[in-house]
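Chemist: By my numbering, the letter at position 16 of the sequence shown is numbered 765, and the numbering carries on one by one without gaps. Beta carbons: idealized from backbone N, C-alpha and C, even for Gly. Take this structure, written in structure tokens, and hold onto it; I'll ask about it next.
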Amino acid sequence: PSPAPKAMWRVIAFTYLSRDAAARKADEVNRSHPDFAATVFAPAHKKGWYLVALGGFMTRQDAVRLQQKARTEGLARDVFVHNYVN
């Protein structure tokens, strides 16, 4: 039997329909907030959507902490955490 999938959390700050737009936003975030380490993420279950994720994969606790930090620093008010299966 194969091992159970490992749950991995991401902090999502922005959602785009264009990879270029998401990449521009990630670059903008990284210039103003380099500690967030913004990257573009395209989830397999949402084809055509490009998400600007902060900090990469992490535990739920770490994701919630980063979400709160992003909100406190005014990055985006609707920053959310989501559990993706690796």
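When you compare only the Cα positions, how much space is there between VAL830 and ASP769?
Modeler: Here residue 830 refers to the residue found at position 81 when the sequence shown is read from its first residue. Here residue 769 refers to the residue found at position 20 when the sequence shown is read from its first residue. The straight-line gap from Cα to Cα measures roughly 23 Å.
Chemist: Going by other Cβ atoms of all chains shown within 10 Å of its Cβ, with 16 needed for buried, is ALA793 buried or exposed?
Modeler: The sequence position of residue 793 within the sequence shown is 44, counting from 1. By the neighbour-count rule (16 or more Cβ atoms within 10 Å), ALA793 is not buried but exposed.
Chemist: Report all residues from its chain with a CB closer than 8 Å to the CB of VAL828; omit the five preceding and five following residues, and keep chain order.
Modeler: Sequence index remark: in the sequence shown, residue 828 carries index 79 (1-based). The answer, listed in chain order, is VAL760, ILE761, ALA762, LEU803, GLN816, ALA819, ARG820.
Chemist: With H, G and I counted as helix, E and B as strand and the rest as coil, what does DSSP make of THR788?
Modeler: For the purposes of this step, residue 788 is taken as the residue at position 39 of the sequence shown. It is a strand residue.
Chemist: Is ARG780 helix, strand or coil when you go by DSSP?
Modeler: By 1-based counting over the sequence shown, the position of residue 780 is 31. Helix.
Chemist: Please indicate yes or no: does the CB of LYS818 lie closer than 8 Å to some heavy atom of the ligand NAD?
Modeler: What this structure holds is no ligand at all, so the ligand NAD is not there to describe.
Chemist: Please report the distance separating the alpha-carbon of ALA786 from that of TRP798.
Modeler: Numbered from 1 along the sequence shown, position 37 holds the residue referred to as residue 786. Numbered from 1 along the sequence shown, position 49 holds the residue referred to as residue 798. Their backbone Cα atoms lie some 20 Å apart in a straight line.
Chemist: Closest to GLU822 by CA distance: which of ALA775, TRP758, ASP784, LEU766 is it?
Modeler: Numbered from 1 along the sequence shown, position 73 holds the residue referred to as residue 822. It is ASP784 whose Cα lies nearest to the Cα of GLU822.
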